[in-house]
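Protein chains: 2
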Amino acid sequence: MNWLTGSTTEILTALKAEVKLAQEDNQEIEEQVRQIIQQVIQNGDKALKNYSKKFDQVELKDLFISKETIDLGYKRVEDEVIKALEAAKENIVSYHQKQKQHDFMDTEKPGVLRGQLVLPLARVGVYVPGGTAAYPSSVLMNVLPAKIAGVEEIIMVTPPSVDGIPDVILAAAKIAGVDKIFQVGGAQSIAALAYGTETVPKVDKIVGPGNIYVATAKKQVFGTVGIDMIAGPSEIGIIADETANPAYIAADLLSQAEHDTLARAILVTDSNQLAERVEKEIYRQLETLPRKEIAKQAIENHGMIIIASTVAAMFTIMNEIAPEHLEVQLLDPISYLHEIKNAGSIFLGDYASEPVGDYFSGTNHVLPTSGTAKFYSPLGVYDFVKYSQVTYYTKEALAQAKDAIALLARKEGLEAHARAVEYRFK
Amino acid sequence: MNWLTGSTTEILTALKAEVKLAQEDNQEIEEQVRQIIQQVIQNGDKALKNYSKKFDQVELKDLFISKETIDLGYKRVEDEVIKALEAAKENIVSYHQKQKQHDFMDTEKPGVLRGQLVLPLARVGVYVPGGTAAYPSSVLMNVLPAKIAGVEEIIMVTPPSVDGIPDVILAAAKIAGVDKIFQVGGAQSIAALAYGTETVPKVDKIVGPGNIYVATAKKQVFGTVGIDMIAGPSEIGIIADETANPAYIAADLLSQAEHDTLARAILVTDSNQLAERVEKEIYRQLETLPRKEIAKQAIENHGMIIIASTVAAMFTIMNEIAPEHLEVQLLDPISYLHEIKNAGSIFLGDYASEPVGDYFSGTNHVLPTSGTAKFYSPLGVYDFVKYSQVTYYTKEALAQAKDAIALLARKEGLEAHARAVEYRFK
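Same order as they appear, the protein sequences are chains A and B. My numbering applies: residue 1 is where the first sequence begins, and numbers increase by one. My numbering applies: residue 427 is where the second sequence begins, and numbers increase by one.
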């Protein structure tokens, strides 16, 4: 673990410098992705199949996964896993239903109606990574909020493999209610969703995490379609004082660290003693982890223990980090909620261990990473709707407004705007 | 005007083909913008001043506009313009206040608390274009929703000019409550807001329209900071039948066309007769417009009259266009609201002329353009907040959940996730 000590100002300066260093330039990948997208626009399915052969070493006859294949995969999954996925689904649905928004209408002024409609996106694409990062829980997290929003058609794409799509992924897709699955991955799948091909339909928005090629492709097609966010390495921040249990903290830091070698696990505490115990405990627990090598690299390269001088300083520092996951392991944690300005998902107390949110509680686990919780939100129902404004004016109401409108329009040099209103009174 | 006729399917196919053609590749601009951003990261204010000299032909001593300069500008603006801006502000505030969202909390399950906090962004940057596209109304539209959301600090950037920033822009900034103004424009100003310089503070999100350099820069910094949307050329779509007034329709189409030569003005009607009258009326009204040349080019290159066979077909076609502004000039327009799937701002009836929304009604005029209303929303209070999830579990509640969590974690090969939960019960 790297230790960071000093005054709050010194710590904040060090954290900001670290962020600046992390700005990378991926021009080569960007150029490759640009070419892949152009190929898919021009050659459609043929391009997709060529890239699958090249990148995934799979020769595909069909991109589309049939209902029969999905049902077969589902049946092969152990009953208890299906049950756990169904239980998780129930919690995800009950949480996300509370995010549903309502239209509003405003009739404050005589003869004027103003309103806002909440409308679902028509068609959404969900990217599901393949290989060792194929997570059924993520399928639920990406798809269910879209279903609740009222999206008509949900298209899932996932990389092909010689062994086929993992059964548990097919099962999760069936449980979540995916409408169509295509076996295509990487930047080419993002291009297919953004522009459409003979078999893959064009969608309105693409969500779901992926590797650097997927992330770069999402950024490039952003504007042609909507996207959720650019996901970076995952992180956990834990605020704890001397009353906290070092073993719980170490275990939770490691659950983040095992994700990948770039994952960040950060403890902010005002207790030197706790910090030392946590560090010792991490190395003790590490020994028996199957993903020991990954977790160890993450801890040594990106793990951080920050010693703050006061409770207030702990929160100031954590707000600058703006962690994806934030655990508050203080006594009476709810009394500190108002101190938190930036965090994707907040876990309070000794028993809200972060994996509870990954798998079960129903809050979303697709979260803003790498400090982007300063401006991004967890994936939610709001990501799958858009708003439309509605305005109605009577002639009398427009008569009241017309001089101000014409004046401002002319001030901006837009005479036709002024006349459009004045024509109504000729 | 270009006429588009045929079956609904033929019309939809033609519209989709048009969208595909419009996909451009701006590699050269992207490369220039990339270099500008790198320069600003490396050289800060010095780079900003160099670019101002090069692109705006202005040698700047100070980037910061003092409060005295703003107050002086405000005082030089005619009283009636100030009054009109204040009236517009009042309507914008009263509309956008209805967009404010509340935290929620869910205690359905014993020992479990789940919730969502709505938190304002801390600092936002607003880009305000210079030159002939300097619109005080846009300052209000971009800044006021951020104020209502509770953003602490709003930074405005706008290109320098030898004549200084226009008085009416300074006045609008003062009325809207901008905290700081810097005279810097183009891609360099976006870089400054995204990364911070000696004088320009780093922000969490950048909003506001700009030219292709500004739009490209926003796309490149997206992920480092949040951005609103990528704005393209503006458009209006009007649905009307034989009961509508051709002069009103023509005037409203022209109010869009005068914006710029790429602006799109589209009439969808089931009445051939109305279409002919509108076309004639457009050329009649065009003659006396100060921005005749711009409007004429827009009408001739991008203006469109589409003849639909039924009322339902009019809406199907318009939903495919997904216009920024949509006017419904039918009798009893409210009865058709449910037919509208994609539109930024909807104007109902004869008197809700589109400029009402640009200047006065209080709905936002920063809207999704070029068909992006399929997935983007008008700028609103929701653009200046983010959500944080909150989870609390008692030991008993975690005991209920732990087996499902451990099972799913192990199924995904994430042993440390399973152990983090199980540690609580050792």
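By construction, the Cβ of each residue, glycine as well, lies at the ideal position given by its N, Cα and C atoms. Since we're looking at a predicted model, the values are computed, not measured.
query	result
Identify which residue in B:H751, B:F648, B:A738, B:G551 has its Cα closest to the Cα of B:G797.	B:H751
Would you tell me roughly how many angstroms separate the C-alpha atoms of B:Q468 and B:T650, rounded to the nearest one?	16 Å
Strictly under 7 Å for the Cβ-Cβ distance: is B:G775 near chain A by that measure?	yes
Near A:R424, what residues of its chain come up, given a Cβ to Cβ distance below 8 Å and the 5 sequence neighbours on each side ignored?	K395, L398, K402
Hey, could you find the ends of the alpha helix (DSSP H) B:E719 is sitting in?	718-728
Are B:I731 and B:A683 closer than 7 Å when you measure CB to CB?	no
Would DSSP call A:I230 helix, strand or coil?	coil
Quick one: grab the DSSP three-state call for A:V58.	coil
Listing by chain order, which chain B residues have their CB less than 7 Å from the CB of A:P378?	Y813, Q815
According to DSSP, is B:K501 part of a helix, a strand, or is it coil?	helix
Got a sec: is the Cβ-Cβ distance from A:H365 to anything in chain B below 7 Å?	no
The beta strand (DSSP E) that contains A:L323, what's its start and end?	Before going on, a small fix: residue 323 of chain A reads as Pro here, not Leu. From DSSP, A:P323 is part of no beta strand (DSSP E); its letter is neither H nor E.
From the DSSP output, in three-state form, read off A:E235 for me.	strand
Closest Cβ-Cβ distance between B:D630 and chain D: below 7 Å?	Chain labels in this structure do not include chain D; the protein chains are A and B.
B:G649 CB to nearest chain A CB: under 7 Å?	yes
According to DSSP, simplified to helix, strand and coil, what is B:A560?	coil
Are three or more beta carbon pairs between the stretch 741-757 of chain B and the stretch 428-439 of chain B nearer than 8 Å?	yes
With DSSP as the reference, label A:V126 as helix, strand or coil.	strand
Is the shortest distance between the beta-carbon of A:F315 and the beta-carbons of chain B less than 7 Å?	no
How many angstroms separate the CA atom of B:I632 from the CA atom of B:S803?	16 Å
Does any residue of chain A bring its CB to less than 7 Å from the CB of B:G470?	no
Determine whether the Cβ of A:K395 lies closer than 7 Å to any Cβ atom of chain B.	yes
Are A:V33 and A:T197 closer than 7 Å when you measure CB to CB?	no
Under the assumption that A:V356 contacts B:I831 (Cβ atoms under 8 Å), give the Cβ distance between them as a whole number of angstroms.	6 Å
Answer with buried or exposed for B:S492, where buried requires no fewer than 16 other C-beta atoms within 10 angstroms of its C-beta.	exposed
Tell me the rounded alpha-carbon separation between B:H685 and B:E494.	33 Å
Since B:A835 is in the alpha helix (DSSP H), which residue starts that stretch and which ends it?	821-837
Report the three-state DSSP secondary structure of B:S520 (helix, strand or coil).	helix
For A:I346, does the three-state DSSP call read helix, strand or coil?	strand
Check the Cβ-Cβ distances between A:V81 and every residue of chain B, and say whether any is below 7 Å.	yes
Do A:K147 and B:F530 have their CB atoms nearer than 7 Å?	no
Taking only the alpha-carbon atoms, compute the straight-line gap between B:I591 and A:A275 and give it to the nearest angstrom.	54 Å
Pick helix, strand or coil for A:D383, following the three-state DSSP scheme.	helix
Does the distance from the C-beta atom of B:G634 to that of B:V552 stay below 7 Å?	yes
7 Å is my cut-off, CB to CB: does A:G357 come that close to chain B?	yes
Please state whether the Cβ-Cβ distance between B:G658 and B:G611 is less than 7 Å.	no
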